[in-house]
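**Q** Below is the structure I would like to discuss, written out as structure tokens.
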Amino acid sequence: MTTTQLPAPPTVSTVEPPARPPARSGHWWVYLILTIGLVAVISPFVWMLLSAVKPAREVLRSPPTWWPEQFTGEHFRSLFERLDLGTYLTNSVFVAVAVTVGNMVFCAMLGYVLAKLSFRGRRLLFGLVMGMLMVPGMVTFVPLFILVSNVGLANTYSGLILPYLVQPVGVFLMRQFISELPDELIDAARVDGAGEFRIFARIVMPLCGPALATLGIITFLGSWNNFLWPLVVAQTEDMYTMPVALALYSVGQNSIDYGLLLAGAVVVVVPVLLLFTFLQRHFTQGIATTGFR
11 MTTTQLPAPP TVSTVEPPAR PPARSGHWWV YLILTIGLVA VISPFVWMLL
61 SAVKPAREVL RSPPTWWPEQ FTGEHFRSLF ERLDLGTYLT NSVFVAVAVT
111 VGNMVFCAML GYVLAKLSFR GRRLLFGLVM GMLMVPGMVT FVPLFILVSN
161 VGLANTYSGL ILPYLVQPVG VFLMRQFISE LPDELIDAAR VDGAGEFRIF
211 ARIVMPLCGP ALATLGIITF LGSWNNFLWP LVVAQTEDMY TMPVALALYS
261 VGQNSIDYGL LLAGAVVVVV PVLLLFTFLQ RHFTQGIATT GFR
């Protein structure tokens with residue numbers, strides 16, 4: 011009687027997962043440098059917020075105190091009593107929103123033309139845009155003011171808005187982002203009979219959300235904080251923006267009301283911080299996804 015020997019079951023080799031590398035402790039100095047930089051950036055804002063609720067005598071105390079010994083709202087009360095805050099805030103919001111929307115629309119249009127349309131002189135036009143980025147704003151300030159005055163736009167909303175309605179940095183940003191969009195998508199729309207304006211409005215603009223958010227934040231910040239141009243163009247109180255009103259009413263003939271100035275700075279900064287907080291994700295995404303080819 012012969013016995014058949016069964017084959018041995020296959021051995022399952024157990025492969026241990028690779029050991030997790032130990033945490034690097036040699037980069038502590040990077041976190042230290044970043045922490046120092048963060049403290050250096052935040053400190054002026056913390057000082058502004060705390061000083062806005064200090065009494066006037068404590069704001070000018072030497073050596074200075076960080077934490078207020080006595081909280082007061084006299085500076086904010088004086089801000090609302092001495093300034094026509096509603097008019098100045100309305101002017102600032104209207105001008106900043108108009109400039110932002112104009113840049114988002116027209117810079118996207120120019121970016122689409124420079125990125126996706128082939129025509130003679132396209133490279134030259136893009137070179138002019140790049141050249142305008144290198145020209146300081148103060149060089150064109152006086153000629154721009156003379157032009158605005160000669161056409162009768164001084165002391166008007168148009169004079170405050172039109173010179174900044176399209177900016178080279180916005181055209182460059184949108185051109186670089188739109189150039190990364192697939193050409194096949196636009197060509198398919200053209201085959202289906204869509205015109206260029208319809209392609210731009212229905213296909214390109216919805217895909218440019220991160221870049222538009224980035225451009226919107228940058229433009230809104232610049233327009234909201236703009237001081238010199240509204241100071242020159244706005245010649246009556248009803249046309250003042252918030253930075254101009256704060257500078258004119260907080261500086262007296264022989265003294266400066268630092269408490270009023272700090273309280274006004276808080277009112278000016280808070281909307282910008284809220285805007286950046288809500289759009290921070292889109293801002294970082296727009297910066298990360300913008301190509302430079």
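All residue numbers for the sequence shown refer to the working numbering, where the first residue is 11 and numbers rise by one.
The beta-carbon is built from N, C-alpha and C at its ideal position, and this holds for glycine as well.
1. Should L272 go down as buried or exposed, given a rule of 16 or more other Cβ atoms within 10 Å for buried?
2. Just the Cα atoms here: how many angstroms apart are A244 and S72?
3. Contact between the stretch 137–154 and the stretch 199–216: three or more CB pairs below 8 Å?
4. Considering D197, what are the terminal residues of the alpha helix (DSSP H) in which it resides?
5. From P240 to A198, what does the alpha carbon distance come to, in whole angstroms?
6. Going straight from the alpha carbon of W57 to that of A50, what length do you get?
7. Within the stretch 220–298, note down every full alpha helix (DSSP H) run reaching 4 residues or more, in order along the chain.
8. If you draw a straight line from the C-alpha of G232 to the C-alpha of A106, how long is it?
9. For W234, collect the residues of the same chain with a Cβ closer than 7 Å to its Cβ; drop the 5 residues on either side in sequence, then sort them by chain order.
10. Sort T224, V69, L225, V254 by Cα distance to N236 and report the nearest one.
11. For K64 versus P78, is the C-beta spacing smaller than 7 Å?
12. Where does G226 land, buried or exposed, given buried means 16+ other C-beta within 10 angstroms?
13. Pick helix, strand or coil for R305, following the three-state DSSP scheme.
14. Relative to the alpha-carbon of P216, which residue among G205, R200, L191 has its alpha-carbon at the smallest distance?
15. Over the uninterrupted alpha helix (DSSP H) stretch that includes K64, give me the two end residues.
16. Kindly list the residues whose CB is nearer than 8 Å to the CB of L284, restricted to its own chain and excluding five residues on each side of it in sequence; keep chain order.
17. Less than 7 Å between C-beta atoms, sequence neighbours within five positions excluded: which residues of the same chain meet that for V276?
18. Measuring CB to CB, does F104 end up less than 7 Å from V242?
19. Excluding the 5 residues preceding and the 5 following P89 in the sequence, name in chain order all residues of the same chain whose CB lies nearer than 8 Å to its CB.
20. Please classify F182: is it buried, with 16 or more other beta-carbons within 10 angstroms of its beta-carbon, or exposed?
21. Note the first and the last residue of the continuous alpha helix (DSSP H) segment covering F101.
22. DSSP state of V139, grouped into three classes?
23. Could you round the C-beta distance between A108 and M184 to whole angstroms and report it? I think they count as a contact, below 8 Å.
24. Just to check my reading of the structure: L175 and G112 have Cβ atoms closer than 8 Å, yes? What is that Cβ distance to the nearest angstrom?
25. If we count the other Cβ atoms within 10 Å of its Cβ and call it buried at 16 or more, is Y98 buried or exposed?
26. Quick one, which of I171, Q177, A223 has its alpha-carbon nearest T287's?
**A** By the coordinates alone:
1. Numbered from 1 along the sequence shown, position 262 holds the residue referred to as residue 272. Under this definition L272 is a buried residue.
2. For this step, residue 244 is matched to residue 234 along the sequence shown. For this step, residue 72 is matched to residue 62 along the sequence shown. So the alpha carbons of these two residues sit roughly 37 Å apart.
3. no
4. The count along the sequence shown starts at 1 and reaches residue 197 at position 187. Run containing D197: 193–201, per the alpha helix (DSSP H) assignment.
5. Translated into the one-based positions of the sequence shown, residue 240 becomes position 230. Translated into the one-based positions of the sequence shown, residue 198 becomes position 188. Rounded to the nearest angstrom, the two C-alpha atoms are 46 Å apart.
6. Counting from one through the sequence shown, the residue named residue 57 turns up at place 47. Counting from one through the sequence shown, the residue named residue 50 turns up at place 40. For W57 and A50, the distance between alpha carbons rounds to 11 Å.
7. 238–243, 252–260
8. Mapped onto the sequence shown, residue 232 falls at position 222. Mapped onto the sequence shown, residue 106 falls at position 96. Going by the C-alpha atoms only, they are around 8 Å apart.
9. Reading the sequence shown from its first residue, position 224 is the one you call residue 234. Cβ neighbours of W234 beyond the five flanking positions: S102, A106, V282.
10. In the sequence shown, the residue the question calls residue 236 occupies position 226. The shortest Cα separation from N236 among T224, V69, L225, V254 belongs to V254.
11. Here residue 64 is taken as the residue at index 54 of the sequence shown, counted from 1. Here residue 78 is taken as the residue at index 68 of the sequence shown, counted from 1. Going by C-beta atoms, K64 is nearer than 7 Å to P78.
12. For this step, residue 226 is matched to residue 216 along the sequence shown. Buried, by the Cβ-count rule.
13. Because the chain here runs from 11 to 303, residue 305 falls outside it and cannot be looked at.
14. Numbered from its first residue, the sequence shown carries residue 216 at position 206. Closest option to P216, Cα to Cα, is L191.
15. For the purposes of this step, residue 64 is taken as residue 54 along the sequence shown, with counting starting at 1. From DSSP, K64 is part of no alpha helix (DSSP H); its letter is neither H nor E.
16. Numbered from its first residue, the sequence shown carries residue 284 at position 274. Cβ within range, chain order: n/a, list empty.
17. For the purposes of this step, residue 276 is taken as residue 266 along the sequence shown, with counting starting at 1. If we look at V276 and ignore the five residues flanking it on each side, its Cβ neighbours are M58, L59, A62.
18. Along the sequence shown, one-based indexing puts residue 104 at 94. Along the sequence shown, one-based indexing puts residue 242 at 232. The answer is no: Cβ separation not under 7 Å.
19. Taking the sequence shown and counting its residues from 1, the one referred to as residue 89 is at position 79. Note on residue identity: the sequence assigns Leu, not Pro, to residue 89. Same-chain partners within the cutoff: L95, L270, A273, G274, V277.
20. Position 172 of the sequence shown holds residue 182. Classification for F182: buried.
21. Numbered from its first residue, the sequence shown carries residue 101 at position 91. Correcting the residue identity first, residue 101 is Asn in this sequence and not Phe. It spans 95–126 - the alpha helix (DSSP H) in which N101 sits, taken as one unbroken run.
22. Residue mapping note: residue 139 aligns to position 129 of the sequence shown, counting from 1. Here V139 sits in helix by DSSP.
23. On the sequence shown, residue 108 is found 98 positions in, with the first residue counted as 1. On the sequence shown, residue 184 is found 174 positions in, with the first residue counted as 1. Not confirmed; about 18 Å, so no contact.
24. Locating residue 175 in the sequence shown gives position 165, where the first residue counts as 1. Locating residue 112 in the sequence shown gives position 102, where the first residue counts as 1. The Cβ separation is near 4 Å, so the contact holds.
25. Counting from one through the sequence shown, the residue named residue 98 turns up at place 88. Burial call: buried.
26. Working through the sequence shown from its first residue, we reach residue 287 at position 277. The shortest Cα separation from T287 among I171, Q177, A223 belongs to A223.
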